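Reviewing the structure listed below.
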Amino acid sequence: MTVHRGSCHCGAVTFSARIDLTRETSRCNCSSCRKSRFWKAVIPAGDFTLETGADMLADYTFGGHIIHHRFCTRCGVKPFGSFTMAELGGPMIAVNVACLDDVSPQALDDVPVVYEDGQHDTWERVPAYTGHL
Ligand SMILES: [Zn+2]
Numbered sequence: 233m234t235v236h237r238g239s240c241h242c243g244a245v246t247f248s249a250r251i252d253l254t255r256e257t258s259r260c261n262c263s264s265c266r267k268s269r270f271w272k273a274v275i276p277a278g279d280f281t282l283e284t285g286a287d288m289l290a291d292y293t294f295g296g297h298i299i300h301h302r303f304c305t306r307c308g309v310k311p312f313g314s315f316t317m318a319e320l321g322g323p324m325i326a327v328n329v330a331c332l333d334d335v336s337p338q339a340l341d342d343v344p345v346v347y348e349d350g351q352h353d354t355w356e357r358v359p360a361y362t363g364h365l
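Note that the working numbering has the sequence shown beginning at 233, numbered continuously upward.
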């Protein structure tokens, strides 16, 4: 497990996160992930440190208001989301893999991705169409 560093586009928000990029990451077709093309690695909140930019982050929720979508109010990029799920062991962070600054394009291509059908609340199923996610 490696500590990776990431940021939003303008650099106001920076973070470090312990992520094993040989484990599966995911993309989802829910109404939010589809529009932002969010690519997430879910890790325990204890493995995530927000380094800078706490005052720049918006906190957007919708639907069941379970997931806090955090995006930079200056540049609009969403470095992570947060939520609590007892099944996963408590507070979790969904890190935006695309916001990692220290992973090469070649290494990103090797990160395993699973697709989730969040649109129909059946995250364990692969959506019929995934190329646009
Ligand atoms: Zn920013």
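C-beta atoms are modelled at their ideal positions from N, C-alpha and C, and glycine is treated no differently.
The model shown is predicted, which means the values in this text are computed figures rather than measured ones.
query: Out of 247, 254, 242 and 234, state which residue places its alpha-carbon closest to the alpha-carbon of residue 341.; result: 254
query: If we require 3 or more residues per run, which beta strand (DSSP E) segments fall completely within the stretch 256-308?; result: 257-260, 271-276, 280-284, 289-292 and 300-304
query: Could you check where the alpha helix (DSSP H) with residue 337 kicks off and where it finishes?; result: 337-341
query: In the DSSP output, what is residue 250 paired with across the bridge?; result: 235
query: Hey, how far is the Cα of residue 249 from the Cα of residue 360?; result: 32 angstroms
query: Tell me residue 323's beta-bridge partners as DSSP assigns them.; result: 316
query: Going by Cα to Cα distance, which pick from 348, 267, 334 and 279 is closest to residue 308?; result: 267
query: Count the CB pairs spanning the stretch 267-282 and the stretch 296-315 that are closer than 8 angstroms, and state whether there are at least three.; result: yes
query: Please return the same chain residues whose Cβ sits closer than 6 angstroms to the Cβ of residue 236, not counting the five positions on each side in sequence.; result: 249, 251, 332 and 334
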